[in-house]
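Written below as structure tokens is the structure these notes are about.
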Amino acid sequence: MQFRSLIGGRWWEGGRATVNENPSDLDDPVGTAYEADAEAVHAAVNAAAAAAPAWGLSGPQQRFDVLDRAGSEILARREELGRLLAREEGKTLPEAIGEVGRAGQIFKFFAGEALRQGGQVLDSVRPGVGVEVRREPLGVVGLITPWNFPIAIPAWKVAPALAYGSAVVLKPAERVPGSAWALADILHRSGLPEGVFNLVLARGSVVGPILVERPEVAAISFTGSEGVGRRLAADCGLRLKKLQLEMGGKNPLLVLDDADLDQAVNCAIQGAFYSTGQRCTASSRLIVTAGLAERFAAALRAATEKLVVGHALEAGTQIGPVVDGVQLESVERELELARQDGARLICGGQRVVRATQGHFLQPALLEVTRPGMRADRVEVFGPVATLAVVKDYEAGLALANDTEFGLAAGICTTSLKHAQHFKRHAQAGMVMVNLPTAGVDYHVPFGGRKGSSFGPREQGAAAAEFYTTVKTAYQCA
Ligand code: ADP
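The opening residue of the sequence shown carries number 60 in the working numbering; numbering runs sequentially from there.
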């Protein structure tokens with residue numbers, strides 16, 4: 060397969076070819092991606108800027124039709140696109156098919172939102188004057204997405220951008236060009252006017268500065284690492300460019316003495332290790348109160364050791380490979396640093412040999428032996444979780460909140476009082492009770508606090524906040 064950029068309604072020719080690797084099987088190349096250069100990225104911005112005014116004036120029916128058609132095709136092809144996604148990113152086939160389904164549902168949701176856009180009509184405080192408040196499109200938006208959700212994250216940025224009338228330049232992560240290309244191909248055939256949606260398969264270091272510097276780009280939405288996010292914040296701040304950031308997480312799951320043990324272990328395993336732990340909402344900090352600590356730790360260890368790590372496409376695999384060799388080494392380095400810092404390895408953390416050559420790693424559990432350890436602070440972005448024991452709920456809540464991140468937080472308890480208190484006092488954008496911290500709906504806001512997020516929320520009706528600008532119009536009769 061060949062993955063190319065889509066610029067002004069045309070597939071861009073040329074560019075350096077790179078083979079897209081399958082992390083489950085290094086002998087199974089997924090396809091060849093052609094890397095666009097700076098000139099191509101400028102051309103994409105030009106195309107979007109040329110297409111934006113007309114798209115901004117398009118009616119809700121046209122936007123609904125495009126988004127609904129794209130959503131239907133994604134849903135109809137979820138198995139095939141799921142295979143492509145599983146091959147290039149490494150999550151298991153059921154997880155990948157689920158993600159593709161999610162992308163389809165997101166397009167369907169925002170098709171509806173295009174029809175539901177409304178404003179407010181008010182009387183002015185001055186007699187004889189009327190006031191209208193409405194949302195208008197931004198113009199051109201730059202979207203930068205990571206590799207861990209190669210179709211869902213592009214979908215949850217692209218769909219609202221188009222629904223609310225903006226033109227798009229999408230830059231997906233270099234490791235996952237195939238899913239983004241597939242999405243571009245679908246949008247290309249969806250009835251969208253040329254140039255409204257542009258895909259650039261190019262390096263972040265090339266695309267970032269162009270999106271920041273070109274005045275035609277009104278806003279940037281970024282999901283990725285904290286380092287890049289902070290740099291974008293500084294650069295966009297200087298230029299007063301609208302920005303939305305979703306960055307790291309180090310999400311606590313607090314398990315209380317009165318929790319249902321099986322449910323708590325299940326939440327911990329799913330939240331910490333599914334999708335190979337490569338989720339910004341992963342439950343990477345497990346905290347248990349003393350009364351249940353021994354039983355929880357034993358059951359958790361047994362369940363962790365039982366997890367089947369293997370080829371993403373093989374039936375029965377629960378945990379796919381780490382996305383690539385660089386990430387695998389980074390996870391192993393964090394495990395080593397954790398040990399040097401005094402964390403105790405409870406189980407896992409070793410490479411796993413399978414029939415195919417891939418980046419397989421047994422999920423690892425680390426016991427936190429003192430507060431503030433590196434293992435409990437730094438996001439690993441892999442199948443690694445820490446376990447800490449606290450004396451009671453209050454100590455658990457304090458520890459859960461003792462992080463520079465604030466994306467998701469979870470609690471397992473049968474106490475209504477503690478569940479209620481935790482929902483109020485967890486310092487996170489999303490709180491889960493008796494559920495893993497990962498696994499969110501698409502029709503409600505997504506986002507965090509503190510070092511995890513910046514700017515308005517993504518997804519659901521809240522997405523309008525970022526993807527539109529508000530106009531207040533006064534008229535004298
Ligand atoms: P991750 O490790 O989760 O992929 P990154 O921040 O490295 O996080 O990457 C997220 C996205 O940001 C990718 O699409 C990447 O290419 C892009 N990116 C990397 N460097 C820059 C940059 N300087 N400016 C803008 N985007 C960048």
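We put the beta carbon where it would ideally sit given N, CA and C, even for glycine.
Quick one: does the C-beta of V133 sit closer than 7 Å to a heavy atom of the ligand ADP? The residue given as residue 133 occupies position 74 in the sequence shown. At residue 133 the sequence reads Ile, which differs from the Val that was named. Not so, every heavy atom of the ligand ADP lies at least 7 Å from the Cβ.
### Message
As an exercise, report each continuous alpha helix (DSSP H) stretch of at least 4 residues that is fully enclosed by the stretch 256-306, in chain order.
### Response
263-272 and 285-298
For the stretch 437-488, which segments carrying the beta strand (DSSP E) assignment without a break, of at least 3 residues, lie completely within its bounds, in sequence order? 443-449 and 467-471
query: D182 lies in the beta strand (DSSP E); which residues open and close that run?
result: To locate residue 182, count along the sequence shown from 1; it is residue 123. Here the beta strand (DSSP E) through D182 covers Q179 to D182.
Point to revise | Candidates E453, Q416 and Q386, of which the one nearest H484 by Cα | key: Locating residue 484 in the sequence shown gives position 425, where the first residue counts as 1. Ranking the options by Cα distance to H484, first place goes to E453.
Alpha carbon of A467 to alpha carbon of A374, nearest angstrom
For the purposes of this step, residue 467 is taken as the residue at position 408 of the sequence shown. For the purposes of this step, residue 374 is taken as the residue at position 315 of the sequence shown. Near 30 Å, if we compare the C-alpha coordinates of A374 and A467.
Beta-carbon contacts of V196 that lie in its chain and below 7 Å, excluding the five residues immediately before and after
Locating residue 196 in the sequence shown gives position 137, counting from the first residue. It is Pro, not Val, that sits at residue 196 in the sequence shown. Correct list, in chain order: G115, Y223, G224, S225 and T527.
Query raised in the report: Should T151 be listed as close to the ligand ADP, given that the test is whether its C-beta is under 7 Å from any heavy atom?
Result: Within the sequence shown, residue 151 is the residue found at index 92, counting from 1. It does not: the Cβ of T151 is nowhere closer than 7 Å to a heavy atom of the ligand ADP.
Note down the Cα distance separating D319 from T472, rounded to an integer number of angstroms.
Counting from 1 along the sequence shown, the entry for residue 319 is found at position 260. Counting from 1 along the sequence shown, the entry for residue 472 is found at position 413. Distance between the alpha carbons of D319 and T472: 7 Å.
task: Return the chain-ordered ranges of every beta strand (DSSP E) run that is complete within the stretch 86-174 and spans a minimum of 3 residues.
output: 90-94
Note to self: Taking a contact to mean a Cβ-Cβ separation below 8 Å, would you say G496 touches T335 in this structure?
What the structure shows: Position 437 of the sequence shown holds residue 496. Position 276 of the sequence shown holds residue 335. First, the residue type needs correcting, since residue 496 is Thr and not Gly in the sequence shown. Cβ distance not < 8 Å, so T496 and T335 don't count as in contact.
Per DSSP, P210 is paired with what?
-> Looking up residue 210 in the sequence shown gives position 151. At residue 210 the sequence reads Ile, which differs from the Pro that was named. DSSP output for I210 lists no bridge partner at all.
Exposure of A397, with buried meaning 16 or more beta-carbon neighbours within 10 Å: One-based indexing of the sequence shown puts residue 397 at position 338. Buried: at least 16 other Cβ atoms inside 10 Å.
Less than 7 Å separating the Cβ of G146 from some heavy atom of the ligand ADP? Translated into the one-based positions of the sequence shown, residue 146 becomes position 87. This sequence places Arg at residue 146; Gly is not what is there. Flag unset: Cβ of R146 not near the ligand ADP.
Quiz prompt | Whole beta strand (DSSP E) elements within the stretch 309-349, 3-residue minimum | solution = 311-314 and 344-348
Go through its chain and collect everything with a Cβ distance to V499's Cβ below 6 Å, but skip five positions before and after it. In the sequence shown, residue 499 corresponds to position 440, counting from 1. Cβ within range, chain order: F505.
Exercise. Can you tell me which of D182, L85, P236 and A293 puts its alpha carbon nearest to the alpha carbon of F62?
Key: Here residue 62 is taken as the residue at index 3 of the sequence shown, counted from 1. Here the closest residue by C-alpha is P236.
query = How would you label V385, buried or exposed, when you count the other beta carbons within 10 angstroms and need 16 or more for buried?
reply = Counting from one through the sequence shown, the residue named residue 385 turns up at place 326. Flag for V385 reads exposed.
(request) Please work out which residues of its chain come closer than 6 Å, Cβ to Cβ, to A109, disregarding the five sequence neighbours upstream and downstream, and give them in chain order. (result) Looking up residue 109 in the sequence shown gives position 50. Excluding positions up to five away in sequence, the list reads G254.
Can you list, in chain order, the residues of its chain with a C-beta nearer than 7 Å to that of V78? Leave out the 5 residues immediately preceding and following it. For the purposes of this step, residue 78 is taken as the residue at position 19 of the sequence shown. Excluding residues within five positions, the ones whose Cβ falls inside 7 Å are P88 and T91.
Just to confirm, does W206 get its C-beta within under 7 Å of one of the non-hydrogen atoms of the ligand ADP? One-based indexing of the sequence shown puts residue 206 at position 147. Indeed, a heavy atom of the ligand ADP lies less than 7 Å from the Cβ.
I'd like to confirm the pairing. Which residues does DSSP put opposite R398 in its beta bridges? Here residue 398 refers to the residue found at position 339 of the sequence shown. Paired residue(s): none; R398 is not in a bridge.
Who are the near neighbours of A358 in its chain, counting only those whose CB is closer than 7 Å to its CB and skipping five residues on each side? As a working note, residue 358 is residue 299 in the sequence shown. Result list for A358: L320 and V324, in chain order.
Note to self: To the nearest angstrom, how far is the alpha carbon of C535 from that of A113?
What the structure shows: Mapped onto the sequence shown, residue 535 falls at position 476. Mapped onto the sequence shown, residue 113 falls at position 54. Whole-angstrom Cα-Cα distance: 29 Å.
Beta-carbon within less than 6 Å of L270's beta-carbon, same chain only, minus the 5 sequence neighbours each way: which residues are those?
Residue numbering aside, residue 270 sits at position 211 when the sequence shown is read from its first letter. Excluding positions up to five away in sequence, the list reads G201, V276 and I279.
(Q) Could you check whether the Cβ of F464 sits closer than 8 Å to any Cβ belonging to chain C? (A) Reference to chain C is not applicable here, since this structure consists of a single protein chain.
- Task: Could you round the C-beta distance between R136 and Y501 to whole angstroms and report it? I think they count as a contact, below 8 Å.
- Result: As a working mapping, residue 136 is identified with position 77 in the sequence shown. As a working mapping, residue 501 is identified with position 442 in the sequence shown. At roughly 18 Å, the Cβ-Cβ gap does not stay under 8 Å, so R136 and Y501 are not in contact.
- [ ] Say yes only if the C-beta of P231 is nearer than 7 Å to one or more non-hydrogen atoms of the ligand ADP, and no if none qualify.
- [x] Against the sequence shown, residue 231 aligns to sequence position 172. Yes, the Cβ of P231 comes within 7 Å of a heavy atom of the ligand ADP.
Leaving out five residues on either side along the sequence, give the residues of the same chain with a beta carbon under 7 Å from the beta carbon of R413.
Indexing the sequence shown from 1 puts residue 413 at position 354. Once the five neighbours on either side are set aside, the close Cβ partners of R413 are G369, H370 and F419.
- Query: Taking buried to mean at least 16 other C-beta atoms within 10 Å of its own C-beta, is T282 buried or exposed?
  - Reply: Locating residue 282 in the sequence shown gives position 223, where the first residue counts as 1. Result: buried.
task = Please confirm if the stretch 183-194 is in contact with the stretch 304-315, defined as three or more CB-CB distances below 8 Å between the two stretches.
result = no
Whole angstroms are fine: how far does the CA of M432 sit from the CA of C326? As a working note, residue 326 is residue 267 in the sequence shown. As a working note, residue 432 is residue 373 in the sequence shown. Cα-Cα distance, rounded: 23 Å.
Quiz item: When DSSP labels each residue in this structure, what does G519 get in the three-state scheme?
Solution: As a working mapping, residue 519 is identified with position 460 in the sequence shown. G519 falls in the coil class under three-state DSSP.
So is K216 buried or exposed if we call it buried at 16+ other beta carbons inside 10 Å? Within the sequence shown, residue 216 is the residue found at index 157, counting from 1. By the neighbour-count rule (16 or more Cβ atoms within 10 Å), K216 is buried.
Next item on the list: Taking A241 as part of the beta strand (DSSP E), name the residues at either end of that continuous run.
Entry: In the sequence shown, residue 241 corresponds to position 182, counting from 1. It is not in any beta strand (DSSP E) - A241 instead sits in the alpha helix (DSSP H) that spans P236 to H247.
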